[in-house]
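First up is the structure itself, then whatever we jot down about it.
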Amino acid sequence: MLYPLNNNILKTLDHIPQELFEKIEAYLNHSLPASEGEVFAAEIERNPALKQQVQEVQDLITAVEMASLNEKLDIFHQELKPDSDKKSGFQNVKIFYWAAACGVIVFGLYFFLQNSNSPEKLFAKHYSPDPGLPTTMSTVDNYTFYDGMVDYKLKKYQEALEKWHPLLQQKPYNDTLNYFVGVTYLALGDTEKALPYIDASLQTNESIFKDDAAFYKALILIKNNEAEAAKKLLKENPSERAQTLLGDLKE
Amino acid sequence: MPTNYQQSQIILAIKTNDESVLKNLYINNFKKVEKFVLKNNGSSPQAKDLYQEVFLTVWKNIREDKFTPLSDYGFDAYLFQIAKNKWTDYLRSSQYKKTRSLETVISLEPENEVPVNHWEQEAKLKSFSDAFESMGEPCKSLLKDFYYKKKSLREIAQNLNIDEASTRNKKYRCIQKLREIALSPK
Chain E
11 MLYPLNNNIL KTLDHIPQEL FEKIEAYLNH SLPASEGEVF AAEIERNPAL
61 KQQVQEVQDL ITAVEMASLN EKLDIFHQEL KPDSDKKSGF QNVKIFYWAA
111 ACGVIVFGLY FFLQNSNSPE KLFAKHYSPD PGLPTTMSTV DNYTFYDGMV
161 DYKLKKYQEA LEKWHPLLQQ KPYNDTLNYF VGVTYLALGD TEKALPYIDA
211 SLQTNESIFK DDAAFYKALI LIKNNEAEAA KKLLKENPSE RAQTLLGDLK
261 E
Chain Z
1088 MPTNYQQSQI ILAIKTNDES VLKNLYINNF KKVEKFVLKN NGSSPQAKDL
1138 YQEVFLTVWK NIREDKFTPL SDYGFDAYLF QIAKNKWTDY LRSSQYKKTR
1188 SLETVISLEP ENEVPVNHWE QEAKLKSFSD AFESMGEPCK SLLKDFYYKK
1238 KSLREIAQNL NIDEASTRNK KYRCIQKLRE IALSPK
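Protein chains in written order, with our numbering: chain E, 11 to 261; chain Z, 1088 to 1273.
In structure tokens, the structure reads:
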């Protein structure tokens, strides 16, 4: 069946009969039987007026869906918390460190029984890789940064470094980049390479990574047999896990 | 709250209007766009308007297979790129140039050519969307249930306490009404 040819614009199209409307609708949502769908598709290609009618039905349906979704967007928007990215990031980090602190206490008891505080053992006892940032959190406007963060979380440390080093060349004083490059080297076991980056991240006074950077630097100092310098640093940056580490150092 | 979606999850969620996923995608990407707008001479309300427009554009482009995200990171990057382009277009616009010198604001990429029929289709969609918003609640609700919430005619018929054939006819009449409102002289 061919539908009447009409090359005029939408406003002059006759209304679409119900039967045709429902057939177009079924075609668009792929609910026509396969053979019927193929015949109808060929017919649409042959008949410009029908093609226009199909487009119109598609537009009507899309418009209904878009308008419905648009109404929802304001509701979604109300669920955004002020500064939700940063706060949720802090909250996540806080929860993690609470969990980490609990873990440290449990392991601490175990190691207490072992009664050994050599630098290597202290390092091994207190070190756990930084969990990384939630990959949806926006602290740096760079897709590559998040791409690297995905690698980091998957423990593909070299891949993460390959993505972050070029960014660091562009922003050599960025505390986030310096911190994560540093902790990535640390995760690779290379404390020598990790130290200058962690140091660089410590230069930003307002950095949200300052306490963590200080903790990791203290661990590196402990490993390098510089316990006094580590103690000083931990006292200056007294996070919960810094206190725990300090407690072990004093024993 | 799951945030790392697979490609197939994002496409399916967008094609079926899965609100929990849509909400997560919305919430997870807003701050980055807002930050960009605020850094580039915009305000928070402008960031919200821009973001919602962009979100709908991305939704539509995925629906029409004009863009296929490889993961939520692909979705995020695509959405942010469109937001940047749209905001750049705004900064270039005569409306903005009236008050600010462009050179002091941002370095801009060359404008992309947009086919005329793209704007015609956008205008048509806007006209249909506006018409939908002005419809009476019974039609609006029925069309929303069927097309947006993907409820079956049977389910809608049960809710309306009428039979399925009547629901089908009612849906058709509502669509015709929508079309009439959109095409009537303003």
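Even for Gly, the Cβ is constructed at its ideal location relative to N, Cα and C.
VAL193(E) places its beta carbon 8 Å or farther from that of LEU171(E).
Taking the beta carbon of LYS1173(Z) as reference, no residue of chain E falls within 8 Å; the closest one sits roughly 16 Å away. Around the C-beta of TRP1206(Z), fewer than 16 other C-beta atoms lie within 10 Å, and the residue is accordingly described as exposed.
HIS40(E) has a beta carbon lying at 8 Å or more from every beta carbon in chain Z.
If you check the CB distance, TYR1113(Z) and LEU83(E) come in under 8 Å. Between VAL1120(Z) and LYS1171(Z), the alpha-carbon positions lie close to 8 Å from each other.
In this structure, LEU1230(Z) keeps its C-beta atom at 8 Å or more from the C-beta atom of MET76(E). In this model, GLU216(E) and GLN62(E) are separated by some 60 Å (Cα to Cα). Using a CB distance below 7 Å, the part of the stretch 59-90 of chain E facing chain Z consists of ASP69, LEU70, ILE71, THR72, ALA73, VAL74, GLU75, MET76, ALA77, SER78, LEU79, ASN80, LYS82, LEU83, PHE86, HIS87, GLU89 and LEU90, ordered along the chain. Note that the C-beta distance between ASN188(E) and SER211(E) is below 8 Å. By the Cβ-count criterion, SER1131(Z) is exposed, with fewer than 16 other Cβ atoms from all chains shown falling within 10 Å of its own Cβ. Runs of the alpha helix (DSSP H) spanning 4 or more residues and lying entirely within the stretch 26-72 of chain E occur at 28-38 and 44-56, in chain order. In this structure, the CA atom of GLN253(E) is about 39 Å from the CA atom of PHE1123(Z). In the structure shown, GLN1093(Z) falls within a strand segment according to DSSP collapsed to helix, strand and coil. Leaving aside the five residues that flank TYR1138(Z) on each side, the residues in its chain whose CB is nearer than 6 Å to its CB run, in chain order, PHE1117 and VAL1120. With its beta carbon at least 8 Å from every one in chain E, TRP1206(Z) lies outside the interface. Scanning its chain for C-beta atoms nearer than 8 Å, with the 5 sequence neighbours on each side dropped, one finds around LEU1240(Z) the residues PHE1233, GLU1251, THR1254, ARG1255 and LYS1258, in chain order.
Around the C-beta of ILE1249(Z), fewer than 16 other C-beta atoms lie within 10 Å, and the residue is accordingly described as exposed. Counted as a single uninterrupted DSSP element, the alpha helix (DSSP H) harbouring LEU205(E) occupies residues 201-212. The C-alpha of ALA224(E) is placed about 16 Å away from the C-alpha of ASP258(E).
Nearest to ILE1262(Z) by alpha-carbon distance, out of ASN57(E), ILE218(E), ALA52(E) and VAL74(E), is VAL74(E). Our two residues, ILE1101(Z) and LYS1147(Z), have alpha carbons roughly 9 Å apart in a direct line. At a cut-off of 8 Å between beta-carbon atoms, ASN1104(Z) makes contact with chain E. Counting only the Cα atoms, GLU32(E) lies some 15 Å from ILE54(E).
If you ignore the 5 residues before and after LYS203(E), its C-beta comes within less than 7 Å of the C-beta of TYR195, all in its own chain and listed in chain order. Residue state for LYS1153(Z) is assigned as coil, using DSSP reduced to three classes. Proximity of LYS1257(Z) to chain E, defined by a Cβ-Cβ separation below 8 Å, is not satisfied. Counting only Cβ-Cβ distances below 7 Å, GLU1220(Z) has contacts in chain E at ALA77, in chain order. Counting other Cβ atoms within 10 Å of its Cβ, PRO144(E) reaches 16 or more and is therefore classed as buried.
Scanning chain E for C-beta atoms nearer than 8 Å to the C-beta of ARG1179(Z) yields nothing, as the closest lies near 21 Å away. Using a Cβ-Cβ cut-off of 8 Å, HIS25(E) is close to GLN1263 and ARG1266 of chain Z, given in chain order. Of all residues in the stretch 1212-1240 of chain Z, only LEU1212, PHE1215, SER1216, PHE1219, GLU1220, LEU1230, LYS1231, TYR1234 and TYR1235 place a beta-carbon less than 7 Å from a beta-carbon of chain E. Under the Cβ criterion of 8 Å, GLN168(E) is not counted among the residues facing chain Z. Judged by DSSP in its simplified three-state form, TYR153(E) adopts helix. The residue from ILE1169(Z), GLU1106(Z) and PRO1225(Z) with its alpha-carbon nearest to that of ASN1246(Z) is PRO1225(Z).
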